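The listed protein sequences correspond, in order, to chains A and B.
Each residue of the first sequence is one higher than the one before, starting from -15 at the first, in this note's numbering.
Each residue of the second sequence is one higher than the one before, starting from 1056 at the first, in this note's numbering.
Single-structure report; data block below.
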Amino acid sequence: MFFSIFIRSFFIQAGWNYERLQNLGFAFAIMPALRKIYAPGEKLAAAVLRHLGLFNTQPYMAGFVIGNIVRMEEKLALMPAGGAESGPAAFEKKILEVKAALSSGFAAIGDRIFWGRLKPLTTQVCIVIWALAGFYGWLFTDTVSRVPLPVLFLGPLAGIALYAGGAVYLRWQGLKKGYACGGTASCGLDAVNWPALIRRLSVAGFALSLLIVAGAFGLLLEQNWDGAHKGGLILRAALALGVMALQRIVRKSGRSIFFAMGLILSASAALVIFERSGLHL
Amino acid sequence: MILKALISSLFAGLLELDNVQAGQFLISRPAFAGPLLGWLNGCPFEGARMGILIELIYLDFIPVGGVVPPNGLVAAAAAVLALVWAGLPESTAFFFGVMAGFMYGKVEYRLRVSRSSWIKGIETDARNGALLLERNLAGSLLAESAISGLYIFFFSGLAAFLAAPLLRAGPEALFRASDLAYSLMPWLGLSGLYFRFRTQVYKKG
């Protein structure tokens, strides 16, 4: 059952919809557990309906919530009938409360780790591997740059392996951890020192981005170095710095990167037309 | 050529499932899909260049909550098809791909909206003891894969193919401007990467 839930958790975002977000994926993931806990009939249908309610979390962190809820459903099935405050009805309500609390908590953590840091880190890993292999084609778009095909694919695949490895591990551990401490609204939130991990990832990403930007300018210098005429080099470096400054200004003003791209395209067109018109400053 | 473009598009549609609905292992990332689709179409290095630049540019968008970011896989696939099938210069194919990826965000939004209408039916089925979630989700995966594949083929590849003669008939300055803007894209992407982490490290509080 556990392995089946684990495999199904990879489809937590399948059927994502605006009315209940990941509800279909969540119900799909815990279905093997519900089928094992409840015999076909009214109780099973009620359990499925319970988990077709709104649900949304970071997909890689979903294991923590799924494991927890599976354990709680097991407890619910064994509960004797009781009063309104301690019986199954109250526990059903608690299941939904714990589910909501955990899903938002883990969404906040997971978004910061995976989308905010690890994903851009994999892009950096790709760039570094390509740079180490001597593939600079992505930086100088007017040059022809070749490396052996395995090296070309190693760049993105190394990042994918690191990222997917971490994500799969966390899905599995989350499921186990969630199941082990099922029933508490803080379950797993203290399993790892998340703020320290987030901080370390930020620092690593910043160090790598510094290295990459410095390396890119170094390459620009090397490619355009001409002892006698420094005009071309200065122009290219100024253009690169100008584009970086533009990106920063545009983002600071709350606009998307497409706005900066549009400005660059317009300025390029204006420059080319200006040059072809024969006018000179 | 058309058959190859169709096969590449449908293959890209399969890869696209990794983006949201299945797995999310990042095999749909443009830095991987670009060289892969490029390799299948005889231009792995151009595919890699366009792919990594699309990835850098699209890093600006984070898929939190209900946000539908531009689709990097669709952008990379459309760029490769525009280059190989339509014969557009690499720089123009890149911008064509970026536009296709941006526009696919609207398609994906419509798909997500349309799936909301399934819920009442699924709940009614469950009340009647028919638990058909697997069937519904399989349909969702199949629909998204087919729609993204066909979108890449028709609205990107075919559009680029039809637009190419018009673009070639236009002023040559168009391609030169596109080349110049394309040469600046790495710096635009690097800036996004650098300032994202810098902001995180120096964030107050």
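All C-beta atoms in this analysis are idealised placements derived from N, C-alpha and C, irrespective of residue type, glycine included.
Bear in mind the structure is a predicted one, so any value in this text is a computation, not a measurement.
- Under the DSSP assignment, B:D1234 falls in the alpha helix (DSSP H) whose first and last residues are 1227 to 1256.
- Between the region 182 to 200 of chain A and the region 1212 to 1224 of chain B, the count of C-beta pairs closer than 8 angstroms stays below three; the two stretches do not touch.
- Within the region 1158 to 1170 of chain B, R1167, V1168, R1170 place their CB atoms closer than 7 angstroms to a CB of chain A, listed in sequence order.
- With fewer than 16 neighbouring CB atoms inside 10 Å of its own CB, A:G238 falls in the exposed class.
- Nearest in C-alpha terms to B:S1233, of all of B:A1148, B:V1129, B:A1077, is B:A1148.
- Only residues of its own chain outside the window of five on either side were considered, and among them D1180 have a CB closer than 8 angstroms to the CB of B:L1186, listed in chain order.
- Shortest Cα-Cα distance from A:P104 to any of A:I196, A:G89, A:P134 involves A:I196.
- Taking 9 angstroms as the upper bound on Cβ-Cβ separation, chain B lies near residues S129, R130, V131, L133, L136, F137, G139, P140, L141, G143, I144 of the region 129 to 145 of chain A.
- Of all residues in the region -13 to 1 of chain A, only F(-6), F(-5), Q(-3), A(-2), G(-1), W0, N1 come within less than 7 angstroms of chain B when Cβ atoms are compared, listed by chain position.
- Within the same chain, and ignoring the five residues on either side of B:W1173 in sequence, the residues whose Cβ sits closer than 7 angstroms to its Cβ are N1191.
- Beta-bridge analysis with DSSP links B:F1216 to no other residue.
- Taking a beta-carbon distance threshold of 8 angstroms, A:Q108 counts as an interface residue toward chain B.
- Using a Cβ distance threshold of 8 angstroms, B:L1196 and B:Q1076 count as a contacting pair.
- Beta-bridge pairing by DSSP links A:F10 to no other residue.
- DSSP, read as helix, strand or coil, puts A:F75 in helix.
- In the DSSP assignment, B:N1191 falls within the alpha helix (DSSP H) that extends over 1188 to 1205.
- Against chain A, a Cβ distance below 8 angstroms from B:P1099 picks out L133, L136.
- Going by DSSP, B:M1158 is part of the alpha helix (DSSP H) stretching over 1145 to 1171.
- When DSSP reads this structure, A:L5 sits in a beta bridge with A:N1, A:F39.
- Excluding sequence positions up to five before and after B:P1118, its CB lies within less than 7 angstroms of the CB of P1124, all in the same chain and listed in chain order.
- Residue environment for A:F(-10): buried (at least 16 other C-beta atoms within 10 angstroms of its C-beta).
- Between A:L102 and A:G47 a beta carbon distance of about 16 angstroms is seen, past the 8 angstroms cut, so the two are scored as non-contacting.
- If you draw a straight line from the Cα of B:V1168 to the Cα of A:N1, it comes to about 6 angstroms.
- The beta carbon of B:A1228 falls within 8 angstroms of a beta carbon belonging to chain A, placing the residue at that interface.
- Comparing alpha-carbon positions, the option among A:A175, A:G(-1), A:L181, A:E259 lying closest to A:F98 turns out to be A:L181.
- Around A:E57, the same chain offers I21 as residues with beta carbons nearer than 6 angstroms, after the five sequence neighbours per side are excluded.
- An exposed status is given to B:K1175, since fewer than 16 other beta-carbon atoms sit within 10 Å of its beta-carbon.
- Taken in chain order, the members of the region 1066 to 1095 of chain B whose beta-carbon sits within less than 8 angstroms of a beta-carbon on chain A are V1075, Q1076, A1077, G1078, Q1079, F1080, L1081, I1082, R1084, A1086, F1087, P1090, L1091, W1094.
- Comparing alpha carbon positions, the residue from B:S1203, B:L1239, B:E1110 closest to A:M245 is B:L1239.
- Counting along the chain, A:R184 sits inside the alpha helix (DSSP H) bounded by residues 178 to 208.
- In this structure, A:P140 lies near A:C110, with their beta-carbon atoms less than 8 angstroms apart.
- With contacts defined as CB atoms closer than 8 angstroms, A:E76 and A:A169 fail to qualify as a contacting pair.
- With respect to chain A, the C-beta atom of B:P1144 has no partner C-beta closer than 8 angstroms.
- Distance from the CA atom of A:M45 to the CA atom of A:A85, rounded to whole angstroms, is 13 angstroms.
- Residue-level contact by beta carbon holds for B:N1191 and chain A, with a gap shorter than 8 angstroms.
- At a beta-carbon threshold of 9 angstroms, the residues of chain A lying near B:G1121 are W0, Y2, L5, N40, ordered along the chain.
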